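The structure under discussion appears below in the form of structure tokens.
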Amino acid sequence: MQAEQTLADPAFDGTDEEQALAADLFQIFRAQGRFFSDKAPIRLSLAQLAEVMAQRQPRVKTWPKRIDEALSASPDVFVREAAGDDVFFVTTRQGTHPSGLSGQREQVLTTRFAVPLPKRERPVHATPTAATPPTIPAAEAAPTEAAAAPDLTPFEVVPVAAEVAPVATPAALEVDAATASDDEIAAAIRLALGSDMSVAHWGDQWIGEERLHRFSRGDLRRIEDFIREQPGGVVSDTEIAQDVLGVRPNAADYASTLFAVNYRLSRETREFEYLGSATNGLWSLANPAAIGATKRKASEIGQDYRVLLEYGNSIEAAEEGLVEHILSFYEYSYGVLPLDANMRSIMPAPGFRDQRAARVTFESPQTSETVQAEVRFPTGNRGGFIVGLEQFFAENLVPGAVLTIEKTDQPLHYLLEYFQVSGEDRKLLHLDEKKGKYTFRPTTYYCATQDEYVLSDNRFPRFADQKPLDERTKRHPEQVIHAAFERGGENVETADNPKYYALFSDLLAAANVERPVPAELLRDILTSGKYPEFSADETTEDAFFYTPAS
Amino acid sequence: MLTLSESDLMYLLTLLRSSDQPMTTAELVLALQERARK
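Respectively, the protein sequence lines represent chains A and B.
Just add 1351 to wherever you are in the first sequence, counting from 1, and you've got my numbering.
Just add 13 to wherever you are in the second sequence, counting from 1, and you've got my numbering.
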């Protein structure tokens, strides 16, 4: 159980206005020295304090004077120090006068580090440590009363080893806010603050961790019970804030409460799982009933989509907030869609690093149904994808169907549309699960298709009675393309010495039966020269040969 | 790799620790740019 220490605020002197300002500024001191002991001096310059206040209320031009007066009016709390033109104020987390502490500090751990022990009789062979003396960069250390010989500057670690080996660190370029672009500054901010434990981070928002409301175990239990009671087992951060914590949307601290809900629950990974986006919080209990595919594990689908970590990053110009997609056989079979650059442009971004999934809904105006799905974010070696559409695809679409996915005003809610047509009958490719073979079945469908991607018996007759490729072969895209030539191409030589000929579009449709093969990957394999078995037909655009190794 | 100067980092930390409301990355970018202009 974690006990939270609470410190009472000190009493301030001066006029009402000075007292209010001093109380406000005292919180800045306390935040700055949050890791300090209660009596350690915290020192901030007048310029630093004025800068913070100017950021909050830029219209006020007299901050230095007002701050100086306000803090000087409480000499029991703040000590004013002048060094040349610079003015500093010093206090402690307790709000007590920081003077006269040096005598006590001689017994603290930092002092024991700073004062060398007497020499041992037998030398100790110490290995050189590879560390430069780190200093905690929070507040400038206040000078202690200067008499004592050893430097007792608090919170500075004195190096013990004589030799300091050079540390290999990647070259980091300091960004100049005056000249750098917004993106460059933003990247530097994310890098710097993302690893600072004193700053809480959710989506694209930041706040000092200490400023954020903390929840008691009782609060967390009530939130847990609330989520458990919901039929879908998923609730939004706004529901938690309003229904469990009783904070109204018009309350001044509503935004920070939502932030606190999302940030604090994200630290309780044993109890809760985040399923929201960078801007909309959504929570379930840990290990929720996952939305997945029935025929293939999510981890295997993620492995299949590993290619998206390298390919599928070009965005095809489309209407803002809308993506057009042609359904492949693989996607149709497992009810998935690739989280490529196009899809990422409209899908939610994760709210936290290492977030597994986001819960989204797709509404189909054609069928008047709403389907729950999950966006699975990419991990180290797995690509991202959307899963949960297996039944919808099976009931309404065929491979080759043209889909549009459109953002709506509702967060995490999308329109999934297709063009309805009068019934069309064709023999289309299916996988006979019992026999473990591909077969062509008469199929009637009512969705518009892109003919190049429709796997019909007259275009791909050689697929009939073929077995799906084994997992090992599927892991190698070039071997999948070998099979695509054999199944979708034409042998232009002899049966004993075959040479297959196929159009790019045929290969794309046939290869995407077994696994995701983005067009860029297919073209790269066919034309890079890395695989000499493939060659381009110089006389026909987008036509290729495959000569199997004899 | 781009990083913040110590002074900029200190400024942002002070800003964040003293604010009751969350700030977006864009707001922090603006704060640094305004500070650099002064």
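Don't be surprised by glycine CBs; every beta carbon is placed ideally from N, CA and C.
Values in this document were obtained by computation on a predicted structure and should not be read as measured data.
Residues of chain B whose Cβ lies closer than 9 Å to the Cβ of A:LEU1542 are, in chain order, MET14, LEU15, THR16, LEU17. For A:ARG1444, no beta strand (DSSP E) run applies, since DSSP gives it neither H nor E. Nearest CB-CB separation between A:ILE1558 and chain B: below the 7 Å threshold.
In the same chain as A:VAL1586, and ignoring 5 residues on each side of it, the C-beta atoms closer than 7 Å to its own belong to PHE1577, ILE1578, TRP1634, in chain order. With respect to chain B, the C-beta atom of A:SER1607 has a partner C-beta closer than 7 Å. The C-alpha of A:SER1886 is placed about 16 Å away from the C-alpha of A:SER1901. In summary, A:ARG1866 is buried, with 16 or more beta-carbon neighbours lying within 10 Å of its beta-carbon over all protein chains present.
Residue range 1894–1897 is occupied by the beta strand (DSSP E) that includes A:TYR1897. A direct Cα-Cα distance of roughly 14 Å separates A:LEU1616 from A:ASN1638. With its beta carbon less than 7 Å from one in chain B, A:ASP1533 belongs to the interface. In the displayed model, A:SER1635 falls within a strand according to three-state DSSP.
Residue contact check for A:ILE1536 against chain B: a CB pair falls below 7 Å.
For A:ASP1360, the nearest beta carbon of chain B is not closer than 7 Å to its own beta carbon. Using a 10 angstroms sphere on the CB of A:HIS1552, the tally of other CB atoms reaches 16 or more, which defines it as buried. Within its own chain, the residues whose Cβ lies closer than 8 Å to the Cβ of A:ILE1697, once the five positions on either side in sequence are excluded, are GLY1672, LEU1673, VAL1674, ILE1756, GLU1757, LYS1758, TYR1765, listed in chain order. Collapsing the DSSP output to three states places B:MET36 in a strand. By alpha-carbon distance to A:LEU1872, the top candidate from A:ASP1888, A:TYR1789, A:VAL1831, A:THR1891 is A:VAL1831. DSSP places A:ASP1888 outside both helix and strand once states are collapsed to three, so it counts as coil. Between the C-alpha atoms of A:GLU1432 and B:LEU26 there is a straight-line separation of about 23 Å. Comparing C-alpha distances from A:GLN1817 to each of A:LEU1659, A:THR1800, A:ASP1783, A:HIS1827 shows the shortest one belongs to A:ASP1783. When A:PRO1449, A:GLN1761, A:ALA1700, A:GLU1822 are compared, the shortest CA-CA separation from A:GLY1735 is found for A:ALA1700.
Under DSSP, A:ALA1551 forms a beta bridge with A:ILE1558. The criterion of a C-beta distance shorter than 7 Å is not satisfied by A:PHE1728 and A:GLY1686.
A:PHE1377 and A:LEU1400 have their alpha carbons spaced roughly 10 Å apart.
Annotation for A:ALA1835: LEU1858, ALA1861, ALA1862 place their beta carbon closer than 6 Å to its own, counting only its chain and skipping 5 residues before and after.
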